[in-house]
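*Asks:*
Number of protein chains: 2
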Amino acid sequence: MQTVRVALGPRSYPIHIGSGLLRRADLVVPALPRRRAAIVTNTTVARLHLEPLAAALAAAGVACVRIVVPDGEDHKDWATLDTVFDALLEHRCDRQTAIVALGGGVVGDLAGFAAATYQRGVPFVQVPTTLLAQVDSSVGGKTAINHARGKNMVGAFHQPLVVLADTDTLATLPDRELRAGLAEVIKHGAIRDAGLFAWLEANLEPLLGRDPEALAHVVKRSVEIKAEVVAADEREAGERALLNFGHTFGHAIEAGLGYGSWLHGEAVGAGMAMAADLSARLGLLDGASVDRLRRVLARAGLPVAGPRLDADRYVELMAIDKKARGGRTPFILLERLGAAVIRSDVAPEAVRATLDACTES
Amino acid sequence: MQTVRVALGPRSYPIHIGSGLLRRADLVVPALPRRRAAIVTNTTVARLHLEPLAAALAAAGVACVRIVVPDGEDHKDWATLDTVFDALLEHRCDRQTAIVALGGGVVGDLAGFAAATYQRGVPFVQVPTTLLAQVDSSVGGKTAINHARGKNMVGAFHQPLVVLADTDTLATLPDRELRAGLAEVIKHGAIRDAGLFAWLEANLEPLLGRDPEALAHVVKRSVEIKAEVVAADEREAGERALLNFGHTFGHAIEAGLGYGSWLHGEAVGAGMAMAADLSARLGLLDGASVDRLRRVLARAGLPVAGPRLDADRYVELMAIDKKARGGRTPFILLERLGAAVIRSDVAPEAVRATLDACTES
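Residue numbers (the numbering used here), protein chains in the order written: chain A, 1 to 361; chain B, 1 to 361.
1) Give me the chain B residues within the contact set of glycine 150(A), using Cβ-Cβ distance strictly less than 7 Å, ordered along the chain.
2) From this set, Arg313(A), Pro52(A), Ala353(A), which residue's C-alpha is nearest aspartate 168(A)'s C-alpha?
3) Please name the residues in the region 96-107 of chain B whose beta-carbon is closer than 8 Å to at least one beta-carbon of chain A, in chain order.
4) Identify the contact partners of isoleucine 342(A) in chain B, using a Cβ-Cβ distance below 9 Å as the criterion.
5) On the criterion of 16 or more Cβ atoms from any shown chain inside 10 Å, does serine 344(B) qualify as buried, or is it exposed?
6) So valine 39(A) and arginine 66(A) are supposed to be a Cβ contact under 8 Å. How far apart are they, rounded?
7) How is phenylalanine 157(B) classed by DSSP in three states: helix, strand or coil?
8) Starting from the Cα of arginine 136(B), find the closest Cα among Ala58(B), Ala63(B), Lys220(B), Phe331(B) and give me that residue.
9) Of all the residues that make up the region 115-126 of chain A, which are near chain B by a beta-carbon distance shorter than 7 Å?
10) Report yes if the C-beta distance between leucine 57(B) and alanine 87(B) is below 8 Å; otherwise report no.
11) Under 8 Å: do the region 247-263 of chain A and the region 225-235 of chain A share three or more Cβ pairs, one atom per stretch?
12) Quick one: grab the DSSP three-state call for threonine 139(B).
13) Have a look at threonine 248(A) and methionine 318(A) and give me their C-alpha separation to the nearest angstrom.
14) Give a yes or no on whether the minimum CB-CB distance between tryptophan 78(A) and chain B is below 8 Å.
15) Measure the C-alpha to C-alpha separation of leucine 178(A) and leucine 131(A) and round it to an integer number of angstroms.
16) Output the distance between the C-alpha atoms of glycine 181(B) and glycine 306(B), rounded to the nearest integer angstrom.
17) Go to threonine 80(A), then tell me how far its beta strand (DSSP E) extends in each direction, as first and last residue.
18) With a threshold of 8 Å between beta carbons, is arginine 313(B) in contact with chain A?
19) Please name the residue, chosen from Asp74(A), Glu90(A), Thr44(A), that lies closest to valine 68(A) on a Cα-to-Cα basis.
20) Report yes if the CB atom of phenylalanine 197(B) is closer than 8 Å to the CB atom of glycine 189(B), and no otherwise.
21) How close, in whole Å, do the beta carbons of valine 162(A) and tyrosine 13(A) come, if the pair is a contact with beta carbons under 8 Å?
22) Mind pulling the alpha helix (DSSP H) runs of 4 or more residues that sit fully within the region 255-293 of chain A?
23) Looking only at its own chain, which residues have a Cβ that is under 6 Å from the Cβ of alanine 288(A), when we skip the five neighbours before and after it?
24) Over what stretch of residues does the alpha helix (DSSP H) that includes asparagine 42(A) continue unbroken?
25) First and last residue of the beta strand (DSSP E) that includes phenylalanine 331(A)?
26) Taking DSSP as the reference, what is the three-state secondary structure of threonine 362(B)?
27) Quick one, are the C-beta atoms of leucine 204(B) and proline 123(B) less than 8 Å apart?
28) Counting only beta-carbon separations shorter than 8 Å, does methionine 318(A) have a partner in chain B?
29) Taking any Cβ of chain A, which residues in the region 151-167 of chain B have a Cβ under 7 Å from it, in chain order?
30) Rounding to the nearest angstrom, what Cα-Cα distance links leucine 309(B) and proline 303(B) in this structure?
31) Which stretch, first to last residue, makes up the beta strand (DSSP E) that contains histidine 16(B)?
32) I'd like the list of long-range same chain contacts for arginine 299(B), defined as Cβ closer than 6 Å, with 5 residues on each side in sequence excluded.
33) Between the C-alpha atoms of aspartate 82(B) and asparagine 42(B), what's the straight-line distance to the nearest angstrom?
34) Distance, Cα to Cα, tryptophan 78(A) vs glutamate 213(B)?
35) What residue does the alpha helix (DSSP H) around threonine 117(A) start on, and which one ends it?
36) Within a Cβ cutoff of 6 Å, which residues of the same chain sit near leucine 21(B), ignoring the five residues on either side of it in sequence?
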């Protein structure tokens, strides 16, 4: 087991990474105010991982309520959240009952927002079971639900007390989701760590083959990178925005196609290729680096072009994205592999040229 | 104009109290990150106060979106909140757009929760227009909506940047609401300030006659008391719970009758009489003090007994109240007028005796 500490002053917390952690209630119990928990998970993950976790917590004396929601991004909405509140109230969960998110990003966002707002905030524990959730949503405390008009439009910052990233859970992850998770790992290399990027170029096959050591390495390195960025900027006022590399285009893709059509990581994969193209058009990034990024995305089985939506629709969806400030859409761009910048003065013509060049024909 | 500062470190903010403040955009603008605001109010308050506020902000160069929701506690729910999110998104409000709550406690709670969660949190300004909102919800950053299973079950702590308590708005307040607001003022005296309590006994008639100086005095003194308590305990871990004096019984009354049947302040009035009775039964408070509290409540036109609900129903509703810890209902009790304590070991028989003695026959 390895541990990365996210340094956020009084809200600091550890992320434990390794094999067999689902059964390590001893890593969770000391963080809880009381031995009471409500595990929130979805139908798919419940079948695979709910009982081992619940049994371990129960054996440690933690009274557990189980709340199982339907699987899928289209359930990351108020209606599902309300069923979680309903169950918490029905079981008389109080302000000292920890909410434990067991699952991928959708469960983490939904359960995290429940924890942020149930009775104005209760303790929160994350047990991410997808690569995406382990490398991305386990750090930073972002929680949210979707709104009909936009993704993650309603949410809160709510840090967990502890995170268990059990790499064993990645063994049962569908291939498509593993690949989608790699998009965020590639992103971390692209924006911050040329060494990680080169490591991915050299080790993509063992990763896709689910070599446990390779997986543990990218989870740890990703978490370290994200933790550094988040520690410097908890509320996303500045540097943290760099983590949105690929996400402005990516969110537009997800919203334009309807949530759930492409996986988030797939949309971010295409979004990164598009943002790299835009970076090159603006003279920030050299063509060889654009090619390296596209190649590693393609080898990871990720799309390197967006779907063919109307360009006006892309522009409109990007403008409504929550990172927009005063109507001007900022873009996260690359200066080189390993270094990102934010630019709010991108000419609309350059964006249109990228949309022309980097969407499916 | 008088100003009370709520001391919460980086989240500190001023509450300005006085006449004509609705037009004092100069008190708001310096606190805003950008000159953009969305005013959230209800149909009743909109008719009385929306245009003066919006005109003053517009004159100061602030672009204003107006969002008007239906009046009433039964609209403090997800459905109404969602219409607020819809309007914010439709008008492309971004993370730098301040949400301004113009109205009473319901509008403040609802708009405040919108500000806490829209795009994971945006700037918030409060312009409370009822006595209750000025003396109570203007301090402490509590925001919430109701859930079918309980009042304020979903919410967040979100501090405003600045509060304008314009005492002129109290001139148009219905009598019943003025009296309901006085319940919280009486509460502040009862739990913390024997001097304020005695002042109320001596000055209740000018207050009910809406003497501007008397109103400004109780708003200022109430805000000072609540600000002291909240500054010592922002997240309601300890001392802040004392502000819930009368609220355990009060919330049960509101939930038992259905929200909106009694005003919150009316339920708290009866709840305080009940909590004082319980305090006396437990040997904490002398009978003369119970009588003084009941008398001032009655003179303020507030109920001093709860409605005739089944005792089991009261107990059940109190147990589900969010202040319950692990199934045990804590009560805020008085040791004397001006001093409150929290007790989690109250015998059920004593509670039943109070319910027998202090509900309408």
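Virtual Cβ for every residue (Gly too), placed ideally from N, Cα, C.
*Replies:* With the structure as the only source:
1) Counting only Cβ-Cβ distances below 7 Å, glycine 150(A) has contacts in chain B at Leu89, in chain order.
2) Among Arg313(A), Pro52(A), Ala353(A), the Cα nearest to that of aspartate 168(A) is on Pro52(A).
3) Contact residues of the region 96-107 of chain B toward chain A are Gln96 (C-beta to C-beta distance below 8 Å).
4) Correct list: empty, because the minimum Cβ distance to chain B is about 14 Å.
5) Burial check for serine 344(B): the Cβ neighbour count within 10 Å stays below 16, so the residue is exposed.
6) For the record, residue 39(A) in the displayed sequence is isoleucine; it is not valine. That pair is a contact at about 5 Å.
7) Under the three-state reduction of DSSP, phenylalanine 157(B) is assigned to strand.
8) According to the sequence shown, residue 136(B) is aspartate rather than arginine. Checking every option, the nearest Cα to that of aspartate 136(B) belongs to Lys220(B).
9) Within the region 115-126 of chain A, the qualifying residues are Ala116, Thr117, Tyr118, Gln119, Arg120, Gly121.
10) At least 8 Å separates the beta-carbon of leucine 57(B) from that of alanine 87(B).
11) Because the criterion of three Cβ pairs below 8 Å is not met, the region 247-263 of chain A and the region 225-235 of chain A do not touch.
12) Going by the sequence as given, residue 139(B) is valine instead of threonine. Of the three classes helix, strand and coil, the one that applies to valine 139(B) here is coil, per DSSP.
13) One Cα belongs to threonine 248(A), the other to methionine 318(A), and the distance between them is close to 6 Å.
14) Chain B, which has a Cβ nearer than 8 Å to the Cβ of tryptophan 78(A), makes this yes.
15) If I take the Cα positions, the gap works out to 6 Å.
16) Using only the alpha carbons, I get a separation of about 18 Å.
17) First-last for threonine 80(A): 78-90, but that is the alpha helix (DSSP H), not the beta strand (DSSP E).
18) Contacts with chain A at 8 Å (Cβ-Cβ) do not include arginine 313(B).
19) The option with the nearest alpha carbon to valine 68(A) is Thr44(A).
20) Yes.
21) That belief holds up - the Cβ atoms of valine 162(A) and tyrosine 13(A) are roughly 6 Å apart, short of 8 Å.
22) With a minimum length of 4 residues, the unbroken runs of alpha helix (DSSP H) contained wholly in the region 255-293 of chain A fall at 264-281.
23) Within its own chain, no residue has a Cβ closer than 6 Å to the Cβ of alanine 288(A) once the five positions on either side in sequence are excluded.
24) Note, asparagine 42(A): premise wrong, no alpha helix (DSSP H); beta strand (DSSP E) at 36-42.
25) The continuous beta strand (DSSP E) containing phenylalanine 331(A) extends over residues 331-336.
26) The first residue shown for chain B is 1 and the last is 361, placing residue 362(B) beyond what the model contains.
27) Result no, Cβ atoms of leucine 204(B) and proline 123(B) do not sit closer than 8 Å.
28) Among the CB atoms of chain B, none fall inside 8 Å of the CB of methionine 318(A).
29) Answer set for the region 151-167 of chain B: Met153, Val154, Gly155, Ala156, Phe157.
30) Whole-angstrom Cα-Cα distance: 15 Å.
31) Per DSSP, histidine 16(B) belongs to the beta strand (DSSP E) from 13-18.
32) Same-chain partners within the cutoff: Leu204.
33) C-alpha of aspartate 82(B) to C-alpha of asparagine 42(B): approximately 15 Å in a straight line.
34) Approximately 46 Å, taken between the alpha carbons.
35) DSSP places threonine 117(A) inside the alpha helix (DSSP H), whose first and last residues are 105-117.
36) Excluding sequence neighbours, leucine 21(B) sits near Leu164, Asp166.
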